[in-house]
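Under full-length UniProt numbering, the residue at position 55 of the sequence shown is numbered 55, and the numbers go up by one with no gaps.
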Amino acid sequence: MHGYELVVSPCEGVVEEISIGERSRVYEWESLFKIRTENGELENVAIGVSGLVHSLEVSEGEEVIAGMVMAQLQEDVVISGSD
1 MHGYELVVSP CEGVVEEISI GERSRVYEWE SLFKIRTENG ELENVAIGVS
51 GLVHSLEVSE GEEVIAGMVM AQLQEDVVIS GSD
């Protein structure tokens, strides 16, 4: 059985880069998004699961707030061993 995992924004800012596409495969702790914060820092967004991108909920240039859903992943049940 596969579960779904939400990727949420850790901060407020503007989506500067999206490194994934719908239906693409992602791996644990892979960079998924980069957000430019209000103070100019670049925040990397990653998640500790691997699987397929089920949906992208944001686009480059879009403003996000902390806790906002950025993507949904269909989690793999296979252990990837990237710890």
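From the three backbone atoms N, C-alpha and C, an ideal C-beta is built for every residue, glycine too.
Note that the coordinates shown come from a computational prediction; the quantities given were computed from them, not determined experimentally.
In chain order, what residues of the same chain lie with their CB nearer than 8 Å to the CB of residue i, ignoring the 5 residues before and after it?
i          : result
residue 75 : 2, 3, 4, 5, 49, 50 and 51
residue 29 : 46, 47, 48 and 82
residue 42 : 16, 34, 35 and 36
Contact check, residue i vs residue j under 8 Å by CB: the rounded distance?
i          : j         : result
residue 32 : residue 7 : 6 Å
Residues in its own chain within less than 6 Å of residue i by CB, not counting five upstream and five downstream?
i          : result
residue 65 : 12
residue 47 : 7
In chain order, what residues of the same chain have a beta carbon less than 7 Å from the beta carbon of residue i, not counting five sequence neighbours either side?
i          : result
residue 25 : 52
residue 38 : 12 and 13
List the endpoints of the continuous beta strand (DSSP E) containing residue i.
i          : result
residue 65 : No beta strand (DSSP E) holds residue 65; DSSP gives it neither H nor E.
residue 8  : 4–8
residue 36 : 33–37
residue 71 : 69–75
residue 55 : 51–56
Based on Cα-Cα distance, which residue from the options lies nearest to residue i?
i          : options           : result
residue 16 : 23, 35 and 27     : 35
residue 21 : 43, 56 and 41     : 56
residue 44 : 19, 77, 72 and 73 : 19
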